[in-house]
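Here the sequence shown stands for residues 1 to 240, numbered as in the UniProt record's numbering.
By construction, the Cβ of each residue, glycine as well, lies at the ideal position given by its N, Cα and C atoms.
Have a look at the structure below, then the notes.
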Amino acid sequence: MENAVFIGLSQQMALKRQLDITANNLANVNTTAFKSEHPLFEEFLVDNFDKPDMSYVQDYGSYRDLREGEMTHTGRPLDVAIAGEGYFTIESDQGVRFTRNGSFRLDPDGNIVTINGERLLDETGRSITVSLQFQDVSFAPDGTVTTGEGQTQKIELVRFANPQILKQVGDGLYDAEGADPEPATDAKAMHKMLEKSNVQPILEMTAMIDIMRAYQSAQKLIDSEHDMQMQAIQEMPTVQ
1 MENAVFIGLS
11 QQMALKRQLD
21 ITANNLANVN
31 TTAFKSEHPL
41 FEEFLVDNFD
51 KPDMSYVQDY
61 GSYRDLREGE
71 MTHTGRPLDV
81 AIAGEGYFTI
91 ESDQGVRFTR
101 NGSFRLDPDG
111 NIVTINGERL
121 LDETGRSITV
131 SLQFQDVSFA
141 PDGTVTTGEG
151 QTQKIELVRF
161 ANPQILKQVG
171 DGLYDAEGAD
181 PEPATDAKAM
191 HKMLEKSNVQ
201 PILEMTAMID
211 IMRAYQSAQK
221 LIDSEHDMQM
231 QAIQEMPTVQ
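Here it is as structure tokens:
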């Protein structure tokens, strides 16, 4: 009799995970270059000896929607979007990280940094620095950075054979977790533009409604099984 309860609870646990991911997608609908995530479920069969196998729901991971978000023109000289498959290389306090969020600024030393102060790196692994006397900066499609005094560096744009392995570590940054990046030869830097989030709010809201309905259905199953157990307990002394 308890099998239905266990199966219903496994479904609810998976639905809770799906709801958390959907809510996070909606919370980042306006986050620059954010990529929506979606859970992955599979059937988990338990051998029930001479009885039919029990089928549970197992949440075993998630995948990231890598489709490019809409490009928007901002006019800001330190905004750069990536068209195509690629990531900026960033130096953070925790080591090298990667991002598609190209909303940069200058720190007091003239380094091009993210909004949280992580430095943008060039192809040689050095920080990209701009003279504070010549703050006119331009970015060529190949990532070449040119300032008013003519100094040039080139942004390190990279890609990964399997970008799904990248782990989100917050603030739009990803950890490669040991995977080796390779040059993103097909990616282009789009100056004075930013990539919007690829979250589709209508679809996410619809998914949230479906999740809540599925959760309620599972709860009805659990409640029904509980009522049957209580009724059996009440009638058992009479049968004896």
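DSSP beta-bridge partners of residue i
i      : result
Tyr63  : His38
Met193 : His73
Phe88  : Thr99 and Leu157
Asn111 : Thr129
Enclosing beta strand (DSSP E) for residue i [first to last residue]
i      : result
Gln153 : Thr152 to Lys154
Leu157 : Leu157 to Arg159
Ser138 : Val137 to Phe139
Gln168 : Lys167 to Gly170
Val199 : Val199 -> no beta strand (DSSP E), and no H or E assigned at all.
Lys145 : Just to set this straight, residue 145 is Val in the shown sequence, not Lys. First-last of the beta strand (DSSP E) with Val145: Thr144 to Thr147.
Three-state secondary structure (DSSP) of residue i
i      : result
Ser103 : strand
Arg126 : coil
Ala179 : coil
Ala83  : strand
Leu121 : strand
Ser217 : helix
Leu173 : strand
Asn24  : helix
Residue i vs residue j beta-carbon contact at 7 Å
i      : j     : result
Arg97  : Ala33 : no
Leu40  : Ser62 : yes
Lys196 : Glu68 : no
Rounded distance between the beta-carbons of residue j and residue i, thought under 8 Å
i      : j      : result
Asp59  : His38  : Contact flag wrong, Cβ pair sits at about 12 Å.
Thr89  : Phe104 : Not quite, the Cβ-Cβ distance comes to about 13 Å (not below 8 Å), so this is no contact.
Ser131 : Arg119 : That belief does not hold up - the Cβ atoms of Ser131 and Arg119 are roughly 16 Å apart, past 8 Å.
Asp171 : Asn116 : 5 Å
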